[in-house]
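Q: The sequence shown maps to residues 1 to 171 in full-length UniProt numbering. Note that CB positions come from ideal geometry on N, CA and C, so glycine has one too. Since this is a predicted model, take the numbers as computed values, not measurements.
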Amino acid sequence: MNPYLDIVIRSSAVYLFMVIALRIFGKKELSQLNTADVILILLISNSVQNAMVGNNTTLWGGLAAATILFAINFILKKLIFRYKKFSEFMLEKPEILIHNGTLDFKNLGKLDITSDELKEAMREHGVEYFKEVKLAMLEIDGNISIITGENDLKQTHYKRRKNHKDLIQGN
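In structure tokens form, the structure reads like this:
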């Protein structure tokens, strides 16, 4: 077999495995990274490297693996955008966490979101009390959006990670 075709097949299999694993383990994992999660990601990337390229440790082998990963990702995004059924299968729906100040304990339990995590997200949005929250949603990207206010609805969306350029500029 052609060594590059072997890399394409191996890389595709690893990518699809990772997509399925993330789908099974939930969207919360995408944005709520703690130290253990970062370590897990680093170890997974190290463990699947050989599964993707096998004995081929050349620059071209690594570039072939990276190229196929980008290509599969591009194709999946196009399929998700184009086909509603595929999108519904691949992406989870947003989940209500708080509605009119009332916590949805069923959803919080199902999503394994602790009260401490929810309070942290509220503080990040500048909200102190549950009763101030009109709507809190776990979005499909794993972030928590919060809408507050009685008459004047105010939505905040806080991204936990600022990129290095923003930190230097003080944004």
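Need the endpoints of the alpha helix (DSSP H) that V8 sits in, please.
A: Element bounds for V8: 3-25.
Q: Do the stretch 43-60 and the stretch 79-92 make contact, defined as three or more Cβ pairs closer than 8 angstroms?
A: Because the criterion of three Cβ pairs below 8 angstroms is not met, the stretch 43-60 and the stretch 79-92 do not touch.
Q: Tell me whether the stretch 104-122 and the stretch 71-83 touch, counting them as touching only if at least three CB pairs, one residue from each stretch, are closer than 8 angstroms.
A: Counting Cβ pairs under 8 angstroms, fewer than three are found: no touch.
Q: Return the residue from the list R10, L118, I9 that minimises the CA-CA distance to L138.
A: Nearest C-alpha to L138: L118.
Q: I'd like the ranges of any alpha helix (DSSP H) spanning at least 4 consecutive residues and lying wholly in the UniProt domain "YetF C-terminal" (83-151).
A: The UniProt domain "YetF C-terminal" (83-151) contains these whole alpha helix (DSSP H) runs: 84-90, 105-110, 115-124.
Q: Pairs of beta-carbons, one from the stretch 96-105 and one from the stretch 129-136, closer than 8 angstroms: are there three or more?
A: Yes: at least three Cβ pairs fall under 8 angstroms.
Q: Can you tell me whether R23 is buried or exposed, with buried defined as 16 or more other CB within 10 angstroms of its CB?
A: Classification of R23: exposed, given that the 10 Å Cβ count is below 16.
Q: Would you mind stating whether I7 and N55 have Cβ atoms separated by less than 8 angstroms?
A: The answer is no: Cβ separation not under 8 angstroms.
Q: Please report the distance separating the alpha-carbon of K110 from that of I80.
A: The straight-line gap from Cα to Cα measures roughly 25 angstroms.
Q: Suppose the cutoff is 7 angstroms on Cβ atoms and the five residues either side in sequence are ignored; what does the same chain contact list for S11 look like?
A: Around S11: M52, A65, I68, L69.
Q: Suppose the cutoff is 7 angstroms on Cβ atoms and the five residues either side in sequence are ignored; what does the same chain contact list for Q107 look like?
A: What sits at residue 107 in the sequence shown is Asn, not Gln. Excluding sequence neighbours, N107 sits near E95, I96, L97.
Q: With a threshold of 16 other CB atoms inside 10 Å of the CB of T114, please say whether the residue is buried or exposed.
A: Counting Cβ neighbours within 10 Å, T114 comes out exposed, since fewer than 16 surround it.
Q: Under a three-way DSSP split, which group does N50 fall into?
A: The answer is helix: DSSP assigns N50 an H, G or I state.
Q: Using CA atoms only, rank isn't needed, just tell me which of T102, L103, P3 is closest to W60.
A: The residue with the shortest Cα to Cα distance from W60 is P3.
Q: Roughly how many angstroms separate the alpha carbons of I144 and M1, rounded to a whole number?
A: C-alpha separation (whole angstroms): 47 angstroms.
Q: Using the C-alpha atoms, what's the distance from E128 back to G101?
A: Distance between the alpha carbons of G101 and E128: 12 angstroms.
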